Amino acid sequence: MKITTVGIDLAKNVFQIHAVDERGKTVLKKQLKREQMAAFFANMPPCVIGMEACGSAHHWARKLQEFGHTVRLMAVLSRPRGRDSIALSTYGNTDSAASADRCAVGAISFA
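Heads up: the sequence shown runs through residues 0 to 110, numbered per numbering that gives the first Met the number 0.
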């Protein structure tokens with residue numbers, strides 16, 4: 000169970016983490032509070048971490064790079080509005096999983 004890629008959905012207080020192995024199989028889904036983020040990634044072996052570029056993304060990218068991780072910031076994908084966006088946010092951590100998938104594929108350009 001070697002984690003190779005992690006997707007993070009950044010928010011104000013609670014972050015969603017989605018980690019996959021070299022085969023693309025999900026090995027970890029976790030919620031972390033802001034205070035837990037640094038300690039969690041400091042104890043993790045270096046890997047590729049993907050997150051959507053937002054207000055705090057550059058701060059977290061610098062922090063995670065200090066721990067030896069490779070961080071990739073991605074442009075925000077357009078999301079459905081209205082009823083569909085409520086369903087996506089209610090039923091799982093789809094943003095963190097999508098970030099991990101986009102990093103693993105490598106077919107996109109990064110900021």
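For glycine and all other residues, C-beta sits at the position ideal for the given N, C-alpha and C.
Predicted model, so just to flag it, every value in this text is computed and none were measured.
Sheet register partners of residue i (DSSP bridge)
i     : result
THR69 : VAL47
LEU31 : PHE14
THR4  : VAL19 and VAL47
Per-residue DSSP class, three states only, for residue i
i     : result
LEU63 : helix
ALA18 : strand
LEU87 : Only weak support is given to the placement of LEU87: the predicted model assigns it a pLDDT of 47, under 50, and the value that follows is read from those uncertain coordinates. Of the three classes helix, strand and coil, the one that applies to LEU87 here is helix, per DSSP.
Burial state of residue i (16 or more Cβ within 10 Å)
i     : result
MET0  : exposed
ALA41 : exposed
VAL19 : buried
ALA10 : exposed
ALA60 : buried
GLU34 : exposed
VAL5  : buried
Proximity winner among the options, relative to residue i (alpha-carbon distances)
i     : options                       : result
CYS46 : ARG22, ALA37 and PHE66        : PHE66
THR3  : HIS68, ALA74 and VAL75        : HIS68
ALA74 : ALA96, LYS28 and ALA56        : ALA56
THR25 : LEU31, ARG33 and ILE16        : ILE16
LEU63 : MET36, GLU51, GLY54 and GLY23 : MET36
LYS29 : CYS53, ILE7 and ALA52         : ILE7
VAL70 : MET43, GLY49, LYS32 and PHE39 : GLY49
PHE39 : LEU72, ALA96 and PHE14        : PHE14
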